[in-house]
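The structure appears right after this line, and notes come after that.
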Amino acid sequence: MNNIIFLILRRMRIPLIAVIVSFGFAVGGLTLMPGIVIDGEVSYLSLFQAFYIISYTATTIGFGEVPHEFSTMQRLWMTFSIYLTVIVWFYAIGKIITLFQDVSLKIAVTTARFARSVDSLSEPFYIICGYGETGSLLVNALDHKNIRVVVIDILQLRINELELEDFQYDIPALCADACLPDILIKAGARHPLCAGVAALTDSDQANLAIAISIKLVNPALMVLGRAENVETASNMASFGTDHIINPYTLFGEYLAMEVHALGTYLLHEWLTGVPERILQSPVCPPIGKWVVCGYGRFGKSVVKNLQREHMTTVIVEANPELTGCKEYILGSGAEARTLEEAGIRDAVGIVAGTDNDINNLSIVITAREINPDLFVVIRKNKRYNDILFEQFRADISMQPSDIIAHACLAHMVSPLLAQFLLLARNQSNKWANQLIAHLVSVVGEQVPETWSVTVDYHSVPAVATLVSQGIAVSIDNLRRDPGNRDIQLDLVPLMVVRENDHILLPDYTFQIKRRDQILFCGRTSAKNALAYVMNDPKTLNYIISGKEIPDSLVWRWISQKLKR
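In our numbering, the protein residues as written are 90 to 653.
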């Protein structure tokens, strides 16, 4: 606010001086002009009367000659004052209009309004730096999960797009450079309710600058950084960035997961998806020979993970010296001759992984003409090409923004969710398939809500109170409908963390203790009902014992008398 006032005073300094000088000169001169003779004496206007007359004259309102008719000298001075003060007044008004169109003032006002809206947030929130393809997906998913966000992007066009979206919450957004520590502080980096920062710009250097700034401004804050280069990732790690996300590395791992653990892959996609969306059925990549076109960051990750699954790979690369490829077929892969040389006819799959969407489409179309039975994995770089990729219908479409958004959600929704998914990867595919079948039977085929609770007096007072009183509270008690204890809620407990022990899929008879952390997934209605159960002692007592506790002192007294 001080900056805005200073900017206004600096811009209006000359106009204000001109107005004051012209008004003072006109008012002072008018008081010295002799008026008409009244009762034998020459009349003069007082200072207040002169100021009053010049005020309505300069503002072009006009009122007349008061308190009596003017003399010729007064009329001559008024004529001069009209031209002097009106011109200066119009000049000042013009400067005021120009001031409101000043870009610097607009930025200062917008920034101040943004800072006030962030300061007024009363719920935990995340700062999203970059509202590109990844940022927009993440903001949309967090909004669906009722998690507040603050957005910073360097392009005003993207901020305008955000303001046009129909979100359930009002999202504070600012067009600014998120690399600047002052901007990050205004966005809430030091706010007590700030839960973390996601650096998701298109520039690795910008993401690195954001991660470093946050760790210096507020070291305790969780930081998720997008990094596509190994050097950037190493630099982020040296400054203590909590989670470094490389979309190409993740996709390679996901592809390998689809090959040998499809159930685990589906479980990951389901628990990190946008709630209430229908999850698409995944496909299982075939085992055999694969042709990989493009040996950049994406291609390297795919080849590494395919070879880990004992698959044969043939690399097609146009710039082998640039990518460091040693064994390759020279070419882009869009030519039939190059694909024939790579052995596309006896291959089971092809990966089009260049950084050009049109080239990738050309590669897979040419390959399918030669071998119609190919399993196609295609890299999609720009979201505005979605229509083209939908027309082709590849078996797997890899888009970095989707992968990063899912990875961020796993950490933002609940730290327990990220831990659960990591532990789930170490389980068998059979275990994952059984869990998926159980989830479908309970919550249906829509993406469920995922949330965690900590058993303490602040978060769930009803449970903490009963447990401290020695009353046994089980997982099954929490799964009961508050209106009818015989009905089970549509939710599934995924994990319980007790001290350093992680208990996956706890049994319904599992007894809860204080300071336990529990990860649930289920429908939104079940989440709301569970919150009511865990916070209302009377309801939880009813679910455990089947008896209702009287509320008022009178009913308690009557109940005690009846028991006697």
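Even for Gly, the Cβ is constructed at its ideal location relative to N, Cα and C. In this text the structure is predicted, and so the values were computed from the model without any measurement.
- Restricted to the stretch 379-417, the beta strand (DSSP E) segments that are unbroken, complete and at least 3 residues in length are 401-406, listed in chain order.
- In the structure shown, the three-state DSSP call for Leu419 is strand.
- Exclusion of the five residues before and after Leu506 leaves Ala499 and Thr539 as the residues of its chain whose Cβ lies within less than 6 Å of its Cβ.
- Three or more Cβ pairs closer than 8 Å define a contact, and the stretch 114-129 meets that threshold against the stretch 143-163.
- Under a 10 Å Cβ-count criterion, Glu222 is classified as buried, with 16 or more other Cβ atoms of the shown protein chains found around its own Cβ.
- Under DSSP, the beta-bridge partners assigned to Tyr215 are Val238 and Gly285.
- Nearest to Ala267 by alpha-carbon distance, out of Leu246, Gln245 and Asn296, is Asn296.
- Taking every protein chain shown into account, the CB of Leu246 has fewer than 16 other CB atoms within 10 angstroms, so this residue is exposed.
- Considering only Asp242, Ala276 and Leu226, the residue with the shortest C-alpha distance to Phe256 is Leu226.
- Annotation: the stretch 486-557 contains the following complete segments of the alpha helix (DSSP H) (minimum length 4 residues), in chain order: 489-501, 504-513, 518-532 and 550-557.
- Under the DSSP assignment, Ala276 falls outside any beta strand (DSSP E); it carries neither an H nor an E label.
- By the Cβ neighbour-count rule, Glu479 is exposed, with fewer than 16 other Cβ atoms within 10 Å of its own.
- Around the beta carbon of Tyr337, 16 or more other beta carbons lie within 10 angstroms, which makes this residue buried.
- In the DSSP assignment, Ser563 is bridged to Gln600.
- Just so you know, the alpha carbons of Gly422 and Val380 end up roughly 9 Å apart.
- A contact between stretches requires three or more CB pairs, one per stretch, nearer than 8 Å, and the stretch 433-443 meets this requirement with the stretch 466-476.
- A Cβ-Cβ separation of about 6 Å places Lys378 in contact with Asp435 under the 8 Å criterion.
- Cβ-Cβ distances below 7 Å link Val198 to Ile93 in the same chain, with the five nearest sequence neighbours on each side left out; the list follows chain order.
- Per DSSP, the beta-bridge partners of Gly438 are Trp379 and Phe464.
- Between the stretch 584-591 and the stretch 520-530 there are fewer than three C-beta pairs closer than 8 Å, too few to call the two in contact.
- For Arg164, the secondary structure class from DSSP, reduced to helix, strand or coil, is helix.
- Apart from sequence neighbours up to five positions away, the residues of its chain that approach Val549 with a beta-carbon distance below 7 Å are Val542, Met623 and Asn624, ordered along the chain.
- Taking 9 Å as the cut-off, the beta carbon of Leu619 is found no closer than this to the beta carbon of Leu583.
- By the 16-neighbour rule on beta-carbons within 10 angstroms, His357 is buried.
- For Arg102, there are no CB contacts under 8 Å within the same chain when 5 residues up- and downstream are skipped.
- One thing to note: Ala300 has its Cβ no nearer than 9 Å to the Cβ of Val319.
- Within the same chain, and ignoring the five residues on either side of Asp596 in sequence, the residues whose Cβ sits closer than 8 Å to its Cβ are Ile564.
- Per DSSP, reduced to three states, the secondary structure at Glu588 is coil, with no helix or strand assignment.
- Taking all protein chains in view, the Cβ of Cys283 is crowded by 16 or more other Cβ atoms within 10 Å, so the residue is classified as buried.
- Taking C-beta separations shorter than 7 Å and ignoring five residues to either side along the sequence, the partners of Asn474 in its chain run Asp446, following chain order.
- Val466 and Ala483 do touch by the CB rule: their CB atoms are close to 7 Å apart, below 8 Å.
- Look at Ile301 here: in three-state DSSP terms it is helix.
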